[in-house]
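Colleague: The opening residue of the sequence shown carries number 13 in the numbering used here; numbering runs sequentially from there.
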Amino acid sequence: MEIIDGNKIAAAIIAELKATVATFPGRRPCIALIRVGDDPASVSYVKKKQANAAEIGIESRLILPPVTITPAELFALVDQLNADAGVDGILVQSPLPKGIDEVAVFRRIAAHKDVDGFHTMNLGKLAQEDETGFVACTPAGIMELLRRSGVTLAGKHVVVLGRSLIVGKPAALLAVQRKAWANATVTLCHSQTANLPALTRQADILIAAIGKAEFVTADMVKPGAVVIDVGVNRVPDATKKSGYRLTGDVHFPTVSPLCAKITPVPGGVGPMTVAMLMQNTVKAYRQNLGIA
Ligand code: GUN
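1. Rounding to the nearest angstrom, what Cα-Cα distance links Ser203 and Pro209 in this structure?
2. Quick one: what does DSSP say Thr82 is sitting in, helix, strand or coil?
3. Is it right to say Met155 is buried, meaning 16 or more other beta carbons lie within 10 angstroms of its own, or is it exposed?
4. Just to confirm the assignment, what range does the alpha helix (DSSP H) spanning Thr266 have?
5. Locate the alpha helix (DSSP H) running through Asn300, then write down its first and last residues.
6. Just checking my contact of Ala237 with Ala221 at CB under 8 Å: how many whole Å lie between their CB atoms?
7. Can you tell me which residues fall inside 6 Å of ligand 1, judged by beta-carbon distance to its nearest heavy atom, and keep chain order?
8. Can the beta-carbon of Lys125 be found less than 7 Å from the beta-carbon of Gly101?
9. Helix, strand or coil: how does DSSP classify Asp126 here?
10. Could you give the first and the last residue of the continuous beta strand (DSSP E) run that contains Arg257?
11. Taking 7 Å as the limit between beta carbons, can you name the residues of its chain near Pro151, skipping five residues before and five after?
12. What is the residue span of the beta strand (DSSP E) that Val172 lies within?
13. With distances taken between CB atoms, is the gap from Val198 to Val170 smaller than 7 Å?
14. Provide the residue(s) that pair with Glu14 in DSSP beta bridges, ordered along the chain.
15. Verify whether the separation of the beta carbon atoms of Asp241 and Val277 is less than 7 Å.
16. By Cβ distance, which residues of its chain are closer than 7 Å to Gly49, with the 5 residues on each side in sequence left out?
17. Which first and last residues belong to the beta strand (DSSP E) in which Val239 is found?
18. Classify Val104 as helix, strand or coil using the three-state DSSP reduction.
19. What separation, rounded to the nearest whole angstrom, lies between the Cα atoms of Leu138 and Gly145?
20. Hey, quick one: how far does the alpha helix (DSSP H) through Arg7 stretch, first residue to last?
21. My output table needs one value for Ala41: the three-state DSSP class, helix, strand or coil.
22. Could you check how far apart the C-beta atoms of Leu258 and Pro235 are, in whole angstroms? I think they sit under 8 Å.
23. Pair every Cβ in the region 113 to 123 with every Cβ in the region 54 to 65, then say whether three or more of these pairs are closer than 8 Å.
24. So Val247 is in the alpha helix (DSSP H); what residue range does that whole segment cover?
25. Quick one: what does DSSP say Ser203 is sitting in, helix, strand or coil?
26. Looking only at its chain, what residues have a beta carbon closer than 7 Å to the beta carbon of Gly280, apart from the 5 residues adjacent to it on each side?
27. Sort Leu76, Thr82, Ile43 and Pro37 by Cα distance to Ser54 and report the nearest one.
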């Protein structure tokens with residue numbers, strides 16, 4: 013069993029991006045990060061995004077509207093950033109407060125600045141395998157993690173657990189692409205799937221993104237499978253200073269001995285998501301400035 017080191021692979025990508033950005037004449041790439049409210053996970057993620065941007069030489073602008081912001085005001089903020097020629101990428105951190113239609117906000121972002129890849133246009137381009145679009149960062153990070161860990165997908169059975177817009181659906185669309193690095197057979201499972209363990213047990217590569225702590229147990233995994241754990245769950249733990257511990261969607265102690273390879277939580281997919289966001293920001297900058 014091999015533990016895939018997401019921190020190490022992400023650090024290599026960050027270093028590559030830093031070297032690339034250093035060659036750009038003129039202004040730096042710039043990402044605007046909008047975070048509404050103080051969800052502790054969002055605070056932590058956005059901090060990581062800013063730290064990675066700073067390391068690479070990407071400018072980041074943090075915008076913290078009050079939780080009382082109305083949908084109309086949030087739209088107006090997005091419109092303003094869409095019109096700002098100095099901003100290459102715009103990210104609205106999910107989740108948004110109840111009462112704001114998140115997908116409507118994602119759609120409001122100009123498609124060419126949608127570095128999260130959640131806009132209708134970019135999801136459409138993903139389905140059409142049009143590489144000018146932006147691919148959602150977590151699924152893109154998973155594919156890159158597999159590629160750089162020497163895991164091939166062609167002809168393999170990839171089982172994706174979870175049908176979210178942010179992870180499950182785009183991950184399935186990526187794995188089935190007609191590309192040498194993809195060409196997998198994909199099963200997309202979710203909370204309403206019948207006989208779930210029978211399906212997950214068929215996976216050569218299991219991508220767990222269901223958002224339930226330690227949901228995937230040993231009986232659900234085929235020996236020798238590659239397991240990608242996308243979950244980031246906080247469970248109460250009195251022995252920790254913070255009062256909680258982070259755990260994935262996979263019960264690591266019992267599943268990991270079965271696997272050929274597995275990603276840990278933290279330190280697996282998480283850092284790759286941020287690295288892909290940075291890559292998308294550099295892509296947006298190039299497209300924006302017409303640099304090849
Ligand atoms: N919340 C959890 N993951 C993500 C992500 O990839 N992008 C945004 N905007 N919010 C998130």
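Beta carbons are placed, not taken as given, at the ideal position from N, Cα and C, and that holds for glycine.
Modeller: According to the structure data:
1. Here the alpha carbons of Pro209 and Ser203 stand approximately 12 Å from one another.
2. Coil, per DSSP.
3. That one is buried.
4. Run containing Thr266: Phe264 to Val267, per the alpha helix (DSSP H) assignment.
5. Note, Asn300: alpha helix (DSSP H), Val281 to Leu301.
6. 16 Å between Cβ atoms; not a contact.
7. Having a Cβ closer than 6 Å to some heavy atom of ligand 1 are Leu103, Val104, Gln105, Ser106, Asp128, Cys149, Thr150, Ile178 and Thr285.
8. In terms of Cβ geometry, Lys125 and Gly101 form a close pair [threshold 7 Å].
9. Correct three-state label for Asp126: coil.
10. Tyr256 to Thr259 is the span of the beta strand (DSSP E), which, as asked, contains Arg257.
11. The beta carbon of Pro151 lies closer than 7 Å to those of Val179, Pro182, Ala183 and Leu186 in the same chain, with the five residues before and after it left out.
12. Counting along the chain, the unbroken beta strand (DSSP E) around Val172 starts and ends at His169 to Leu173.
13. In this structure, the beta-carbon distance from Val198 to Val170 falls below 7 Å.
14. Per the DSSP secondary-structure output, Glu14 pairs in a beta bridge with Lys273.
15. Inclusion of Asp241 and Val277 in the CB contact set at 7 Å is warranted, their separation being smaller than that value.
16. Hits under 7 Å: Val79 and Pro109.
17. For Val239, the enclosing beta strand (DSSP E) has its first and last residue at Val238 to Asp241.
18. In this structure, Val104 counts as strand in the three-state DSSP scheme.
19. If I take the Cα positions, the gap works out to 7 Å.
20. The requested residue 7 is not part of the displayed model; the chain covers only 13 to 304.
21. For clarity, residue 41 is Pro in the given sequence; the question names Ala instead. Under the three-state reduction of DSSP output, Pro41 falls in the coil class, being neither helix nor strand.
22. No, Leu258 and Pro235 are not in contact; Cβ-Cβ is about 26 Å, not under 8 Å.
23. In this structure the region 113 to 123 does not lie against the region 54 to 65, because fewer than three pairs of beta carbons, one per stretch, are closer than 8 Å.
24. Bounds of any alpha helix (DSSP H) do not take in Val247; it lies within the beta strand (DSSP E) bounded by Asn245 to Pro248.
25. Of the three classes helix, strand and coil, the one that applies to Ser203 here is coil, per DSSP.
26. The residues are Ile16, Gly18 and Asp241.
27. That would be Leu76, whose Cα lies nearest to the Cα of Ser54.
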